[in-house]
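Okay, structure first, notes after.
Numbering (this note's numbering), first residue to last: 57 to 278.
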């Protein structure tokens with residue numbers, strides 16, 4: 057019973073998440089984008105050092121400014137996700153909550169870390185509706201596991217609207233008054249090469265995990 061106990065430790069209802077303080081998030085975002093720079097949609101000269109402390113004081117207002125859902129293409133193993141989150145945070149003061157691949161929540165410690173930073177297991181019952189009730193901005197990949205576990209024959213930057221929960225997502229968006237921000241991201245998938253796909257399920261050889269190797273260092277474009 058040790059594993060279930062560890063995995064349940066610290067788990068809170070989705071609606072009860074609060075964004076960590078800017079003193080924690082700002083250094084993380086700046087350091088990450090220093091090592092993995094990206095050219096984002098914000099190409100103006102606006103000072104990204106805007107008062108994150110002031111934004112922190114308004115996060116619980118659940119204003120329409122926070123009711124945004126970012127929908128776009130996912131890269132292998134979710135590479136580039138943190139680039140989107142950090143870029144948006146430094147410009148808006150809002151840390152996006154990710155509807156993440158369920159397998160992330162089977163790994164001790166890692167599961168607790170990403171939950172602390174707002175990630176949600178999208179396979180949880182009524183997960184999207186609950187996160188919409190919290191009023192936080194959301195990142196959603198409509199291709200789901202298919203893009204997360206890309207195969208070597210899949211397009212690097214394609215998008216496939218086959219997420220089985222897509223219609224419930226659209227309904228929750230409309231019901232809770234969310235607006236959609238579509239985005240595209242390139243760069244991260246060119247940093248790795250898929251060597252082969254390893255079948256992890258002996259009962260279904262179509263379910264595979266890509267084995268990747270770093271090959272280059274690329275700037276990302278959002």
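Think of the CB as a built atom: it goes at the ideal place given N, C-alpha and C, for glycine as much as any other residue.
Span separating the alpha-carbon of residue 241 from that of residue 225 | Here residue 241 is taken as the residue at index 185 of the chain shown, counted from 1. Here residue 225 is taken as the residue at index 169 of the chain shown, counted from 1. Cα to Cα, the separation comes out at about 21 Å.
Going by DSSP, what residues sit across from residue 177 in a beta bridge?
-> Looking up residue 177 in the chain shown gives position 121. Per DSSP, 156.
The stretch 143-154 / the stretch 81-93 touching (three or more Cβ pairs under 8 Å) = yes
Quick one: what's got a C-beta closer than 6 Å to residue 183's C-beta in the same chain, skipping five residues either side?
-> Here residue 183 refers to the residue found at position 127 of the chain shown. Excluding positions up to five away in sequence, the list reads 176.
Across which residues does DSSP place residue 81 in a beta bridge pair?
-> Along the chain shown, one-based indexing puts residue 81 at 25. BP columns for residue 81 are empty, so no partner.
Considering only residues of the same chain and omitting the five flanking positions on each side of residue 267, which have a CB-CB separation below 8 Å?
-> Position 211 of the chain shown, counted from the first residue, corresponds to residue 267. Within the same chain, residue 267 has close Cβ partners 250, 251, 252, 253 and 254.
Enclosing beta strand (DSSP E) for residue 252 [first to last residue] = Position 196 of the chain shown holds residue 252. Here the beta strand (DSSP E) through residue 252 covers 248-255.
Any idea what DSSP makes of residue 74, helix, strand or coil?
-> Along the chain shown, read from residue 1 onward, the residue named residue 74 stands at position 18. Coil, per DSSP.
Have a look at residue 194 and residue 93 and give me their C-alpha separation to the nearest angstrom.
-> As a working note, residue 194 is residue 138 in the chain shown. As a working note, residue 93 is residue 37 in the chain shown. For residue 194 and residue 93, the distance between alpha carbons rounds to 22 Å.
Tell me, which residues are paired with residue 235 by DSSP?
-> The residue labelled residue 235 in the question sits at position 179 within the chain shown. Residue 235 pairs with 124.
Neighbourhood of residue 138 by C-beta, 7 Å cutoff - its chain only, sequence neighbours within 5 removed = Here residue 138 is taken as the residue at index 82 of the chain shown, counted from 1. Same-chain partners within the cutoff: 88.
Could you name the residues that DSSP lists as bridge partners for residue 269?
-> As a position in the chain shown, residue 269 is number 213, starting the count at 1. DSSP lists 249 as partners of residue 269.
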